[in-house]
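Position 194 of the sequence shown, counting from 1, maps to 195 under the numbering used here, and the rest follow consecutively.
C-beta atoms are modelled at their ideal positions from N, C-alpha and C, and glycine is treated no differently.
Written out below as structure tokens is the structure these notes cover.
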Amino acid sequence: MAFDYIDAATGQILGIVSGRTQYKINQHFISQYSLKDRQQVQTVTIDMNAGYVSCIRELFPQAKIIIDRFHLVQLINRSFNQTRIQYMNQLKSNSSDQKKYRRLKAYWKLFLKKESDLSYTSDHFYRLFGQRTEAGILQEMLDYDPSLKRHYRLYQDLIKAIQDQDMAKLEDRLAVNQEGLSSYMKRSLKTIAKHLPFIENTFHYPYTNGKIEGTHHKIKVLNRIAYGFRNLGNYLDRICLYFSSQPIQ
Numbered sequence: 002m003a004f005d006y007i008d009a010a011t012g013q014i015l016g017i018v019s020g021r022t023q024y025k026i027n028q029h030f031i032s033q034y035s036l037k038d039r040q041q042v043q044t045v046t047i048d049m050n051a052g053y054v055s056c057i058r059e060l061f062p063q064a065k066i067i068i069d070r071f072h073l074v075q076l077i078n079r080s081f082n083q084t085r086i087q088y089m090n091q092l093k094s095n096s097s098d099q100k101k102y103r104r105l106k107a108y109w110k111l112f113l114k115k116e117s118d119l120s121y122t123s124d125h126f127y128r129l130f131g132q133r134t135e136a137g138i139l140q141e142m143l144d145y146d147p148s149l150k151r152h153y154r155l156y157q158d159l160i161k162a163i164q165d166q167d168m169a170k171l172e173d174r175l176a177v178n179q180e181g182l183s184s185y186m187k188r189s190l191k192t193i194a195k196h197l198p199f200i201e202n203t204f205h206y207p208y209t210n211g212k213i214e215g216t217h218h219k220i221k222v223l224n225r226i227a228y229g230f231r232n233l234g235n236y237l238d239r240i241c242l243y244f245s246s247q248p249i250q
């Protein structure tokens, strides 16, 4: 597996390392860039990989670490969805709850939708519900279980705080009494709290991992149309040629 890094503003590939270990990454940057050059780096945008944080602090001592917004939302999204599935599966074995189970399974997307995007006035026919609005369907399913409703409220509050870049609200929701929360949600809250200083940088800077995610998609396409590469050097050179980047060092 290779490691690549880009200019967050332009999307230009700056380099590719033939390995993803902390040792490989450290050796690459130390050998290719002087400390003076590395001290000029102002921000580094990453996901919540703990290994990268320690690398960045050592290699780029002046850089602000930014947590990518998408990965932050994805973490919260996944933990709430796992909580919904956990509750849903408890209903599966009970014949009297089969209708609730089928509803929760069929309309899972409504739980993950932002509240502001739900339809509150336009009603349509929905299987298992009849003529209803999206908000009405969701409310009925939330009424099945107080714990599910509590998790949903916490999920929506966290997403809203990130969307509004409201640090005070985010910290307030992280301080919630965690008794009775699912292990999935507890784990996510712990992870967010651990990265809180970097998330504050996320709210202050416009950079995301969007450009590098797009680059990774194109690299996967290159790999697919070439039916793979036996020679890693040739593979990396082709990536650089495709993106009009500098040759690999």
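Tell me, which residues are paired with residue 133 by DSSP?
The residue labelled residue 133 in the question sits at position 132 within the sequence shown. Answer is 125.
Is the CB of residue 39 under 7 Å away from at least one CB in chain B?
Of the protein chains in this structure there is only one, and it is not chain B.
Beta carbon of residue 134, beta carbon of residue 153: below 7 Å?
Within the sequence shown, the letter at position 133 stands for residue 134. Within the sequence shown, the letter at position 152 stands for residue 153. Result no, Cβ atoms of residue 134 and residue 153 do not sit closer than 7 Å.
Which of the three DSSP states is assigned to residue 88 in this structure?
In the sequence shown, residue 88 corresponds to position 87, counting from 1. Here residue 88 sits in helix by DSSP.
To which residues of the same chain is residue 77 closer than 7 Å at the C-beta, ignoring the five residues directly before and after it?
Here residue 77 refers to the residue found at position 76 of the sequence shown. Answer for residue 77: 156, 159, 160, 189, listed in chain order.
Return yes when the Cβ of residue 46 is within less than 7 Å of the Cβ of residue 67, no when it is not.
Residue numbering aside, residue 67 sits at position 66 when the sequence shown is read from its first letter. Residue numbering aside, residue 46 sits at position 45 when the sequence shown is read from its first letter. Closer than 7 Å, so yes.
Run through the DSSP bridge pairs and tell me what residue 6 is partnered with.
Working through the sequence shown from its first residue, we reach residue 6 at position 5. DSSP lists 16 as partners of residue 6.
What does the alpha-carbon distance come out to for the pair residue 54 and residue 23?
Locating residue 54 in the sequence shown gives position 53, where the first residue counts as 1. Locating residue 23 in the sequence shown gives position 22, where the first residue counts as 1. Approximately 10 Å, taken between the alpha carbons.
Residue 194 to residue 163, Cα distance in whole Å?
As a working note, residue 194 is residue 193 in the sequence shown. As a working note, residue 163 is residue 162 in the sequence shown. About 13 Å.
Host beta strand (DSSP E) of residue 65 (start-end):
Locating residue 65 in the sequence shown gives position 64, where the first residue counts as 1. Taken as a continuous stretch (DSSP letters only), the beta strand (DSSP E) holding residue 65 covers 65 to 68.
Below 8 Å on the Cβ atoms is my guess for residue 12 versus residue 216; work out the distance and round it to an integer in Å.
Start at 1 with the first residue of the sequence shown, and residue 12 comes out as number 11. Start at 1 with the first residue of the sequence shown, and residue 216 comes out as number 215. Rounded, the Cβ-Cβ distance is 7 Å, consistent with contact.
To which residues does DSSP link residue 47 through a beta bridge?
The sequence position of residue 47 within the sequence shown is 46, counting from 1. For residue 47, which the question treats as bridged, DSSP gives the partners 68.
Does residue 213 pass the burial test, meaning 16 or more other C-beta atoms within 10 Å, or should it be called exposed?
Reading the sequence shown from its first residue, position 212 is the one you call residue 213. So residue 213 counts as buried.
Whose CA, out of 74, 104, 50, 182, lies closest to the CA of residue 165?
As a first step, residue 165 must be located in the sequence shown, where it is residue number 164. Closest by alpha carbon: 74.
With DSSP as the reference, label residue 94 as helix, strand or coil.
Residue numbering aside, residue 94 sits at position 93 when the sequence shown is read from its first letter. Reduced to three states, the DSSP call for residue 94 is coil.
For residue 112, tell me which candidate among 92, 144, 3, 93 has the shortest Cα-Cα distance.
Against the sequence shown, residue 112 aligns to sequence position 111. Among 92, 144, 3, 93, the Cα nearest to that of residue 112 belongs to 144.
Comparing C-alpha positions only, which one of 180, 128, 50, 64 sits nearest to residue 36?
As a working mapping, residue 36 is identified with position 35 in the sequence shown. Nearest of 180, 128, 50, 64 to residue 36, Cα basis: 64.
With DSSP collapsed to three states, give me the class of residue 21.
Residue numbering aside, residue 21 sits at position 20 when the sequence shown is read from its first letter. Residue 21 falls in the coil class under three-state DSSP.
Would you mind working out which of 30, 105, 148 sits nearest residue 138, comparing C-alpha positions?
Walking along the sequence shown from the start, residue 138 turns up at place 137. Residue 105 is the option with its Cα nearest to residue 138.
Who are the near neighbours of residue 93 in its chain, counting only those whose CB is closer than 7 Å to its CB and skipping five residues on each side?
In the sequence shown, the residue the question calls residue 93 occupies position 92. So the list reads 102, once near-sequence residues are dropped.
When the Cα atoms are used, what is the spatial distance from residue 167 to residue 71?
Position 166 of the sequence shown, counting from 1, holds the residue named residue 167. Position 70 of the sequence shown, counting from 1, holds the residue named residue 71. One C-alpha to the other measures close to 16 Å.
Could you give the residue range of the alpha helix (DSSP H) that holds residue 222?
For this step, residue 222 is matched to residue 221 along the sequence shown. Segment 211 to 226, the alpha helix (DSSP H) holding residue 222.
So, residue 230 versus residue 236, is the Cβ gap smaller than 7 Å?
Your numbering for residue 230 matches position 229 in the sequence shown. Your numbering for residue 236 matches position 235 in the sequence shown. Yes, they are a contact pair.
Between the beta-carbon of residue 49 and the beta-carbon of residue 218, is there less than 7 Å?
Position 48 of the sequence shown, counted from the first residue, corresponds to residue 49. Position 217 of the sequence shown, counted from the first residue, corresponds to residue 218. The answer is no: Cβ separation not under 7 Å.
Throw me the rounded Cβ distance for the residue 1 and residue 185 pair, which I believe falls under 8 Å.
Outside the shown range of the chain, which is 2 to 250, sits residue 1, and nothing can be said about it.
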